[in-house]
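S.K.: With the UniProt record's numbering applied, the sequence shown has no gaps in its numbers, which climb one by one up to 211 at the end.
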Amino acid sequence: MVSESPRPARARSPEEKGQRRDDILRAAERLWTTTPYAELSMNQVAREVKLAKGTLYLYFETKEELFLALLAEHLQRWLEQLTALLDERQPQTPDEMARVLLQSARDQEPLRRLLILLGTVLERNVRPELARKFKQEFQRLTQDVEARLPFEPDVTRRLLMHLYALSLGWQQLTENATSSPEMREQADLPSFEEELAFGLRAVIDRLVAGG
1 MVSESPRPAR ARSPEEKGQR RDDILRAAER LWTTTPYAEL SMNQVAREVK
51 LAKGTLYLYF ETKEELFLAL LAEHLQRWLE QLTALLDERQ PQTPDEMARV
101 LLQSARDQEP LRRLLILLGT VLERNVRPEL ARKFKQEFQR LTQDVEARLP
151 FEPDVTRRLL MHLYALSLGW QQLTENATSS PEMREQADLP SFEEELAFGL
201 RAVIDRLVAG G
């Protein structure tokens, strides 16, 4: 059986380079669904996307840089979806706000898993200028969301921090408790969505009352 040969090493036009970069991100994302981050290598990504390893490094110098780009992509998509949802629903009450935030959090498990990596390995191992650029873009996108929430600025910021903490906390707890078949059989965890809804509604009620 003849294996497929690697793609041509050089993408020349901006469009080709953009497509090549996207191909690399999609390959890394596919691998990450079945391979733990610590075990995933740039060699595997290069094989998955059918590129020479040296070509891969023209786009991303490290695995952390690659996954930070993947995180930025998911984060931008989620915040843009949340902004559009807020414009559509225009929530005014705590209950309406909770429903919008919970709807936006559905189907965001890849984003939550990437955010767990952010604080544990990505920020510590990428070039400082990339980390700064990521934070600046995150702040810019978050401001668009904050401007649409019907609460005082301090309440809004605390609410988003609690959403972040609750989402990542339950995601990490679920991953740790179901990381092996034996642990999955013994785990008796409530659903992620139910617990996030419970915690988020309590936080919003308390923040609004306190504000």
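Backbone N, C-alpha and C define an ideal beta-carbon position, used for all residues, glycine too.
Using C-beta distances below 8 angstroms, list every residue in its chain close to L79, excluding the 5 sequence neighbours before and after it, in chain order.
M.R.: For L79, where only same-chain residues beyond five positions count, the Cβ hits under 8 angstroms are L141, T142, D144 and V145.
S.K.: Check E109 in the structure and name its three-state DSSP category.
M.R.: If DSSP states are grouped into helix, strand and coil, E109 belongs with the helices.
S.K.: Is it buried or exposed, R112, if we count other Cβ atoms within 10 angstroms and call 16 or more buried?
M.R.: With 16 or more Cβ atoms within 10 Å of its Cβ, R112 is classed as buried.
S.K.: Less than 7 angstroms separating the Cβ of L115 from some heavy atom of the ligand FAD?
M.R.: Only the bare structure without any ligand can be found here, which leaves the ligand FAD out of the picture.
S.K.: Going by beta carbon distance, what residues of the same chain come within less than 7 angstroms of L196, once the five residues before and after it are set aside?
M.R.: Contacts found: L102, A105, L166, S167 and W170.
S.K.: Label T156 either buried or exposed according to how many other C-beta atoms from any shown protein chain fall within 10 Å of its C-beta, with 16 as the threshold for buried.
M.R.: Result: buried.
S.K.: Taking residue 213 as the reference, which of L118, R148 and A52 has the closest Cα?
M.R.: What the structure shows of the chain is the stretch from 1 to 211, and residue 213 is not part of that stretch, so it cannot be assessed.
S.K.: I'd like the list of long-range same chain contacts for T93, defined as Cβ closer than 7 angstroms, with 5 residues on each side in sequence excluded.
M.R.: Excluding residues within five positions, none has a Cβ falling inside 7 angstroms.
S.K.: T34 by DSSP, collapsed to three states: which one?
M.R.: Residue state, collapsed to three classes: coil.
S.K.: Quick check on the DSSP output: the alpha helix (DSSP H) that includes A46 runs from which residue to which?
M.R.: Looking at the DSSP string, the run of the alpha helix (DSSP H) that includes A46 is M42 to V49.
S.K.: Taking the C-alpha atoms as reference points, what is the distance between L70 and K63?
M.R.: Cα to Cα, the separation comes out at about 11 angstroms.
S.K.: Using three-state DSSP, classify T142 as helix, strand or coil.
M.R.: Residue state, collapsed to three classes: helix.
S.K.: Inspect the CB distances between the region 82-90 and the region 122-131 and report whether three or more fall short of 8 angstroms.
M.R.: Short answer: they don't touch.
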